[in-house]
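In structure tokens:
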């Protein structure tokens, strides 16, 4: 893992194995003045659960690596951010958004809406910002990791900054 020593604004476009640290997600955070650091890992496209593979590759607990899931609540797009070692509960997702139903968005629709590839979807810098909910348990941690908008690129930040930067709500979203 390569990570900046402290949470600070990342303004450099540094190439790492053909990867740029500058993505719409990192640009959004930097422009907003939100403290964050960048961590990279070797993305394994054959991994069944990308978040768990990222946690293992970076040597951090899976509960600290959050996954970004694109969902539809009452037919409208939304985003949920939950620990990678947990499964989302769609009834709780619907309730968090005051909706009657929720389902996972089709991968092709998620990619089109966010501008990111599945396995690299970040809640930050999406083509169209949608209502977002973050698992409340994750907000109790000191720091969390989440996708930086590119496969193999993670953003490390404080959960309160995550919620604030997205205008997200904290809610019980997992089984």
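Numbering (our numbering), first residue to last: 134 to 308. Just so it is clear, CB atoms sit at the ideal spot from N, CA and C, and this is done for glycine as well.
Minimum Cα-Cα distance from residue 288 among the listed residues 231, 245, 171 and 214 corresponds to 171.
By a beta-carbon distance limit of 8 Å, residue 202 does not contact residue 161. Their separation comes to about 19 Å. In this structure, residue 158 lies away from residue 217, with their beta-carbon atoms at least 8 Å apart.
Shown here for residue 219: same chain residues with a beta carbon closer than 6 Å to its own, the five before and five after excluded, namely 307 in chain order.
Between residue 268 and residue 197 a beta carbon distance of about 12 Å is seen, past the 8 Å cut, so the two are scored as non-contacting.
Closest by C-alpha distance to residue 278, out of 224, 200 and 297, is 200. Inclusion of residue 188 and residue 180 in the CB contact set at 8 Å is not warranted, their separation being larger than that value. Residue ranges of uninterrupted beta strand (DSSP E) with 3 or more members, entirely inside the stretch 178-265 and ordered along the chain, are 198-206, 209-216 and 235-237. The residues 298, in chain order, have a CB closer than 8 Å to that of residue 165 in the same chain once the five nearest residues on each side in sequence are set aside. Put simply, of 230, 185, 154 and 210 the residue whose alpha carbon is nearest the alpha carbon of residue 302 is 230. Excluding its 5 nearest sequence neighbours in each direction, residue 263 has C-beta neighbours in its own chain below 6 Å: 210, 211 and 212, listed in chain order. The DSSP-derived three-state label of residue 173 is strand. Between residue 173 and residue 295, the C-beta spacing is not below 8 Å. Cβ neighbours of residue 282 within its own chain (closer than 8 Å, five residues either side excluded): 156, 157, 158, 159, 249, 253, 254, 255, 257 and 258. Counting along the chain, residue 160 sits inside the alpha helix (DSSP H) bounded by residues 157-165. Secondary structure at residue 306: coil, using DSSP grouped into helix, strand and coil.
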